[in-house]
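Protein sequence lines, in the order shown, are assigned to chains A and B.
Counting in UniProt numbering, the first sequence tops out at residue 443, every number present.
Counting in UniProt numbering, the second sequence tops out at residue 443, every number present.
There are 2 protein chains.
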Amino acid sequence: MPKEAVAVDPDVVAAYAHDMAGFCEAGVAAVVVFPETVEQVQHVLRTATELRVPVVPQGARTGLSGGANAVDGCIVLSMVKMNRILEVDPVNRIAVVQPGVVNAELSRAAAGHGLAYPPDPSSWESCTIGGNIGTGAGGLCCVKYGVTSEYVLGLDVVLADGRLLSTGRRTAKGVAGYDLTRLLVGSEGTLAVVVEAVVALRPAPAPQLALAAEFPSTASASEAVCAVMASGHVPSLMELMDTTTVRAVNAMARMGLPEETRALLLVAFDGPAKEAELAAVAELCRAAGASEVVPAEDEAESDLLLQARRLSLPAMERLGTTMIDDVAVPRSRLGAMLDGVEEIAARQRLTIGVVSHAGDGNTHPVVIFDAADPDEVARAKESFDEIMELGLSLGGTVTGEHGIGLLKREWLARELGPVALGLQRQIKAVFDPLGILNPGKAL
Amino acid sequence: MPKEAVAVDPDVVAAYAHDMAGFCEAGVAAVVVFPETVEQVQHVLRTATELRVPVVPQGARTGLSGGANAVDGCIVLSMVKMNRILEVDPVNRIAVVQPGVVNAELSRAAAGHGLAYPPDPSSWESCTIGGNIGTGAGGLCCVKYGVTSEYVLGLDVVLADGRLLSTGRRTAKGVAGYDLTRLLVGSEGTLAVVVEAVVALRPAPAPQLALAAEFPSTASASEAVCAVMASGHVPSLMELMDTTTVRAVNAMARMGLPEETRALLLVAFDGPAKEAELAAVAELCRAAGASEVVPAEDEAESDLLLQARRLSLPAMERLGTTMIDDVAVPRSRLGAMLDGVEEIAARQRLTIGVVSHAGDGNTHPVVIFDAADPDEVARAKESFDEIMELGLSLGGTVTGEHGIGLLKREWLARELGPVALGLQRQIKAVFDPLGILNPGKAL
Chain A
1 MPKEAVAVDP
11 DVVAAYAHDM
21 AGFCEAGVAA
31 VVVFPETVEQ
41 VQHVLRTATE
51 LRVPVVPQGA
61 RTGLSGGANA
71 VDGCIVLSMV
81 KMNRILEVDP
91 VNRIAVVQPG
101 VVNAELSRAA
111 AGHGLAYPPD
121 PSSWESCTIG
131 GNIGTGAGGL
141 CCVKYGVTSE
151 YVLGLDVVLA
161 DGRLLSTGRR
171 TAKGVAGYDL
181 TRLLVGSEGT
191 LAVVVEAVVA
201 LRPAPAPQLA
211 LAAEFPSTAS
221 ASEAVCAVMA
231 SGHVPSLMEL
241 MDTTTVRAVN
251 AMARMGLPEE
261 TRALLLVAFD
271 GPAKEAELAA
281 VAELCRAAGA
291 SEVVPAEDEA
301 ESDLLLQARR
311 LSLPAMERLG
321 TTMIDDVAVP
331 RSRLGAMLDG
341 VEEIAARQRL
351 TIGVVSHAGD
361 GNTHPVVIFD
371 AADPDEVARA
381 KESFDEIMEL
391 GLSLGGTVTG
401 EHGIGLLKRE
411 WLARELGPVA
421 LGLQRQIKAV
431 FDPLGILNPG
441 KAL
Chain B
1 MPKEAVAVDP
11 DVVAAYAHDM
21 AGFCEAGVAA
31 VVVFPETVEQ
41 VQHVLRTATE
51 LRVPVVPQGA
61 RTGLSGGANA
71 VDGCIVLSMV
81 KMNRILEVDP
91 VNRIAVVQPG
101 VVNAELSRAA
111 AGHGLAYPPD
121 PSSWESCTIG
131 GNIGTGAGGL
141 CCVKYGVTSE
151 YVLGLDVVLA
161 DGRLLSTGRR
171 TAKGVAGYDL
181 TRLLVGSEGT
191 LAVVVEAVVA
201 LRPAPAPQLA
211 LAAEFPSTAS
221 ASEAVCAVMA
231 SGHVPSLMEL
241 MDTTTVRAVN
251 AMARMGLPEE
261 TRALLLVAFD
271 GPAKEAELAA
281 VAELCRAAGA
291 SEVVPAEDEA
301 ESDLLLQARR
311 LSLPAMERLG
321 TTMIDDVAVP
331 RSRLGAMLDG
341 VEEIAARQRL
351 TIGVVSHAGD
361 GNTHPVVIFD
371 AADPDEVARA
381 KESFDEIMEL
391 GLSLGGTVTG
401 EHGIGLLKRE
411 WLARELGPVA
421 LGLQRQIKAV
431 FDPLGILNPG
441 KAL
């Protein structure tokens, strides 16, 4: 291992202690290692196995669940220097990448061939493909194009004991043996360390055309979402911002979004019939009670709307300390979910802004509070838990796309139940019998 | 267990001894059980665990790899009577089904709501969803819509010891814990018995519009396939039939397909711009050397072409005894694969008809031979193996959609290599420590 690949300086080590999740403990790592080759990763893991030292794999640390946080005495394995795009193949519509490649870089490389890598988490300009694979990341385009799991065809991973495992395939189809590839996607670095990935690409979609619809309530906006989906439309984007979100975005970036609306629904299409589809959706929005439906004039204006949406989380982070939730419910229960969050906010006397991937039923309630006020902190934490409780009661999941990490470990057990949890622990033991890979995360 | 749910009559037991794969041994089962409830399945598995008796789950036994074949002394667990569609939900675009539901019945139920369940194996009018999940079945529409794995959101399964496990979700997105759902899809009944599935539906596509292009060689047809995919088209179907296949279909059903062509490529689109896309594809076919490009006059004529394609396997089965292979290669290697199969056929002095899901690089070489001629049988078996060898050498997989079953066990080990195979065996042991679930299959 070359010297420059190893950092023990306490300031550097501290800088790699945690991801972007609030309220998650982070331990003190012994060392941060920046491998550049598969062999170096194997060396680190062999050594860690020999010495029984925990290893915490990291991408860009943009995660929101504490999954990349250091544990005491661990080796932080930062994969950011394994950042080469090894291949973009337009005939087979695949790319072969190292885990440290930034999502946006892969998107740009694919665009150069008329292709796209769809999953687009909010952090897409800085997050890495390895991190996306670890968390099973989603994004705004998932309502039409699906999540990370749909795009990972094959993986090279290093196991806890340093052995190299290849899973999956480079072909469009294949069913030889158990699907270890998909078992690894979303496993949050607890089963193995990804060192190379074969991902599927798609032909680049045409630019989106969007509309913005203002609703007098989140319930009526949710009704519109259900009507659009029940009518067989396939929007390329369907996002819902509540008043708090809209005002926060305006305050941050003067976007001129309508501040009096209770719910702003953004819907876009990218297919050849997008104008007609938008017109039909406009009608459905009006029928569901929209007070205003404003189609974008062109694709540039559509893009501005999407930019506004992308600012939602950073904008709300300026309003106070935040805890960002990630509950997904069946989309038919979106209205009940949003009503319930309002009730929680009122009862707990807190602001909870909600931005949702509405077409997927995936909500991000953002609990905003004053971290200097212990009573408010306590109510914020209670609210955060009540939101997950509500999501489960509506047939949902405690995490649509951010992962479990440290933040939601107790909730995973509740969601899975004892039989599934027991099997998951046994699978963990198959891959990592000594329990050195990202210990204490997820399971 | 009600009496009528249990068959011990030797004729009945013999009738359930095997699926549609040739050249796979089948044992003699002790009993065939037809459960109608989850509790009955649990009872069977608890009993089997107590008595250490093997259990072989079966759907409609349309499989092509021997995965559903009985083993000596086993309980055959036929799921065909658990055949209710429990829910079709157009807002959430899901269906909840029991495993014995026939694929076409689910398709029809979905169509009643303007929806579709895309995976469409050739046997779709008789195969069951449980069997589709077991094998990870594909079909003709996969080039645009993907395979079974993409459509299974959640499962209820009974474990080897009789416990009930629920995996996955009813939501569009979700990343809570390891993806046991996808681990189970394609596991060929070796990990658990599916008793209920939540599957994703899509808005029903518009009728397809197709063209047929005649090529002087499979190589030039493969070139056209690559050109179409490299140009960013997303056909809803892209199938290739060689001379043997075309003539067999004509002989069976007088379809009037062009018998002098070396390779007949069928391409279809179902999007709003389908006429324009077909015209562009016609140009690409001509540029790649097509001697004739015949667009279908309308959707009815398109449908006839697809009917002809669907007859390929049964038509070739009339030419002699057959062994049907299922090798998928990166689509850029399709030409090399087809050339290689021709070489094998010539060298082994056998007819090998090839029908391919060309857009996916998934070929079905059908080795045709006289089962009464031991020398020919030996050459057929050699050819079958040489075809898989060739597929692996081209970066492919020995099974794109039919599964490993009994037919390709030795080949699975070669494809996976020792590290992956070892992990797969350990995962099998987690789910089925006594090894009673479909023993001897897949792994």
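C-beta: ideal position from N, C-alpha, C; glycine also.
Problem set entry | Cβ-Cβ distance between Gly189 (chain A) and Thr49 (chain A) below 9 Å | If you number the first sequence from 1, residue 189 (chain A) lands on position 189. If you number the first sequence from 1, residue 49 (chain A) lands on position 49. Not a contact, by the Cβ cut-off of 9 Å.
For this session: Spell out whether any CB of chain B is found under 9 Å from the CB atom of Asp360 (chain A).
Result: As a position in the first sequence, residue 360 (chain A) is number 360, starting the count at 1. The beta carbon of Asp360 (chain A) falls within 9 Å of a beta carbon belonging to chain B, placing the residue at that interface.
Exercise. In the DSSP assignment, what are the bridge partners of Thr128 (chain B)?
Worked result: Here residue 128 (chain B) refers to the residue found at position 128 of the second sequence. B:Val102.
Exercise. So which residues on chain A does Leu416 (chain B) lean against when the C-beta distance must stay under 8 Å?
Worked result: Within the second sequence, numbered from 1, the residue matching residue 416 (chain B) stands at position 416. Correct list: Ala176 and Gly177.
Exercise. Is it true that the CB of Ala21 (chain B) sits closer than 9 Å to the CB of residue 457 (chain B)?
Worked result: Residue 457 (chain B) lies beyond the stretch modelled for chain B, which goes from 1 to 443, so this question has no answer here.
Problem set entry | residue 480 (chain A) vs Phe384 (chain A) beta-carbon contact at 9 Å | Only positions 1 to 443 of chain A appear in this structure, which leaves residue 480 (chain A) out of reach.
Problem set entry | Identity of the residue in A:Glu259, A:Lys441 and A:Leu434 nearest Thr47 (chain A) by Cα | Numbered from its first residue, the first sequence carries residue 47 (chain A) at position 47. The residue with the shortest Cα to Cα distance from Thr47 (chain A) is A:Leu434.
Problem set entry | Residue of B:Arg52, B:Ser78 and B:Pro121 minimising C-alpha distance to Pro35 (chain B) | On the second sequence, position 35 is the one that residue 35 (chain B) refers to. Measuring from the Cα of Pro35 (chain B), the nearest candidate turns out to be B:Ser78.
Problem set entry | DSSP three-state assignment for Val398 (chain B), whether helix, strand or coil | One-based indexing of the second sequence puts residue 398 (chain B) at position 398. The answer is coil: DSSP assigns Val398 (chain B) none of H, G, I, E or B.
For this session: In the DSSP assignment, find the unbroken alpha helix (DSSP H) run with Asn92 (chain B) in it and report its ends.
Result: To locate residue 92 (chain B), count along the second sequence from 1; it is residue 92. Counting along the chain, no alpha helix (DSSP H) covers Asn92 (chain B), and no H or E run does either.
For this session: Identify the contact partners of Pro330 (chain A) in chain B, using a Cβ-Cβ distance below 7 Å as the criterion.
Result: As a working mapping, residue 330 (chain A) is identified with position 330 in the first sequence. By Cβ distance, chain B contributes Asn92, Arg170 and Thr171.
Problem set entry | Chain-order list of residues whose beta-carbon lies under 6 Å from that of His18 (chain B) (same chain, five-residue window excluded) | As a working mapping, residue 18 (chain B) is identified with position 18 in the second sequence. The answer, listed in chain order, is Ala26 and Asn69.
Exercise. With distances taken between CB atoms, is the gap from Gly73 (chain B) to Ala30 (chain B) smaller than 9 Å?
Worked result: As a working note, residue 73 (chain B) is residue 73 in the second sequence. As a working note, residue 30 (chain B) is residue 30 in the second sequence. Closer than 9 Å, so yes.
Problem set entry | Gln208 (chain A) at chain B interface by Cβ criterion, 9 Å | In the first sequence, the residue the question calls residue 208 (chain A) occupies position 208. No, Gln208 (chain A) does not count as interfacial toward chain B.
Problem set entry | Where Ala328 (chain B) sits in the DSSP three-state scheme | On the second sequence, position 328 is the one that residue 328 (chain B) refers to. Of the three classes helix, strand and coil, the one that applies to Ala328 (chain B) here is strand, per DSSP.
Exercise. Within 9 Å (strictly less), CB to CB, does Ala60 (chain B) reach chain A?
Worked result: Looking up residue 60 (chain B) in the second sequence gives position 60. No, no contact with chain A.
Exercise. For Gln426 (chain A), which residues in chain B fall below 8 Å Cβ to Cβ?
Worked result: Sequence index remark: in the first sequence, residue 426 (chain A) carries index 426 (1-based). Within chain B, the residues near Gln426 (chain A) are Val430.
Problem set entry | For Gln58 (chain B), the first and last residue of its enclosing beta strand (DSSP E) | Looking up residue 58 (chain B) in the second sequence gives position 58. Segment Val55 to Gln58, the beta strand (DSSP E) holding Gln58 (chain B).
Exercise. Enumerated in chain order, which unbroken segments of the alpha helix (DSSP H) with a length of 4 residues or greater are wholly contained in the stretch 319 to 374 of chain A?
Worked result: 334 to 348
For this session: Quick one: which unbroken beta strand (DSSP E) runs of 3-plus residues sit fully inside the stretch 120 to 175 of chain A? Chain order, please.
Result: 152 to 158 and 164 to 168
Exercise. Does Asp120 (chain A) come within less than 9 Å of chain B when only Cβ atoms are used?
Worked result: To locate residue 120 (chain A), count along the first sequence from 1; it is residue 120. Asp120 (chain A) does not count as touching chain B.
For this session: Look up Leu437 (chain B) in the DSSP assignment and give the residues it is bridged to.
Result: In the second sequence, counting from the first residue as 1, residue 437 (chain B) sits at position 437. Answer is B:Val55, bridged to Leu437 (chain B).
Exercise. From which residue to which residue does the alpha helix (DSSP H) around Leu201 (chain A) run?
Worked result: Here the question's residue 201 (chain A) lines up with position 201 in the first sequence. Note, Leu201 (chain A): premise wrong, no alpha helix (DSSP H); not H, not E.
For this session: Compare the C-alpha of Ser236 (chain B) against each of B:Thr244, B:Cys142 and B:Val157 and name the closest.
Result: Within the second sequence, numbered from 1, the residue matching residue 236 (chain B) stands at position 236. That would be B:Cys142, whose Cα lies nearest to the Cα of Ser236 (chain B).
For this session: Output the boundary residues of the alpha helix (DSSP H) element that contains Asp303 (chain A).
Result: Here the question's residue 303 (chain A) lines up with position 303 in the first sequence. Here the alpha helix (DSSP H) through Asp303 (chain A) covers Glu299 to Arg310.
Problem set entry | Residue burial classification, Pro10 (chain B) (beta-carbon count within 10 angstroms, cutoff 16) | Position 10 of the second sequence holds residue 10 (chain B). Per the 10 Å Cβ criterion, exposed.
Problem set entry | Proximity winner among A:Val354, A:Arg309, A:Gln98 and A:Leu416, relative to Leu86 (chain A) (alpha-carbon distances) | On the first sequence, position 86 is the one that residue 86 (chain A) refers to. Of the listed residues, the one whose Cα sits closest to Leu86 (chain A) is A:Gln98.
Exercise. Which residue spans inside the stretch 4 to 82 of chain A form an unbroken alpha helix (DSSP H) run of at least 4?
Worked result: Within the stretch 4 to 82 of chain A, the complete alpha helix (DSSP H) runs of at least 4 residues are 10 to 15 and 38 to 51.
Exercise. Since Leu416 (chain A) is in the beta strand (DSSP E), which residue starts that stretch and which ends it?
Worked result: One-based indexing of the first sequence puts residue 416 (chain A) at position 416. Leu416 (chain A) -> not in any beta strand (DSSP E); alpha helix (DSSP H) instead, spanning Arg409 to Phe431.
Exercise. How would you call Leu257 (chain B), buried or exposed, if buried means at least 16 neighbouring beta carbons within 10 angstroms?
Worked result: Numbered from its first residue, the second sequence carries residue 257 (chain B) at position 257. When all chains shown are included, Leu257 (chain B) counts as buried.
Exercise. CB-CB under 6 Å to Gly134 (chain A), same chain, minus the five flanking residues each way: which ones, in chain order?
Worked result: Position 134 of the first sequence, counted from the start, is the residue given in the question as residue 134 (chain A). Glu188 and Gly189, listed in sequence order.
Exercise. Buried or exposed: Gln208 (chain B), going by 16 or more other Cβ atoms within 10 Å of its Cβ?
Worked result: Along the second sequence, one-based indexing puts residue 208 (chain B) at 208. Buried is the call here.
Problem set entry | Interface positions of the stretch 396 to 413 of chain A facing chain B (Cβ-Cβ less than 7 Å), listed along the chain | Gly396, Thr397, Val398, Thr399, Gly400, Glu401, Gly403, Ile404 and Leu412
Problem set entry | Contact set between Leu155 (chain A) and chain B, taken where Cβ atoms lie within less than 9 Å | Counting from 1 along the first sequence, the entry for residue 155 (chain A) is found at position 155. Correct list: empty, because the minimum Cβ distance to chain B is about 11 Å.
Problem set entry | Nearest neighbour of Leu159 (chain B), chosen from A:Ile436, A:Leu443, A:Arg169 and A:Leu423 [CA to CA] | Within the second sequence, residue 159 (chain B) is the residue found at index 159, counting from 1. Minimum Cα distance to Leu159 (chain B) is reached at A:Leu423.
Exercise. Glu415 (chain B): buried (16+ other C-beta within 10 angstroms of its C-beta) or exposed?
Worked result: To locate residue 415 (chain B), count along the second sequence from 1; it is residue 415. It is buried - the Cβ of Glu415 (chain B) has at least 16 other Cβ atoms within 10 Å.
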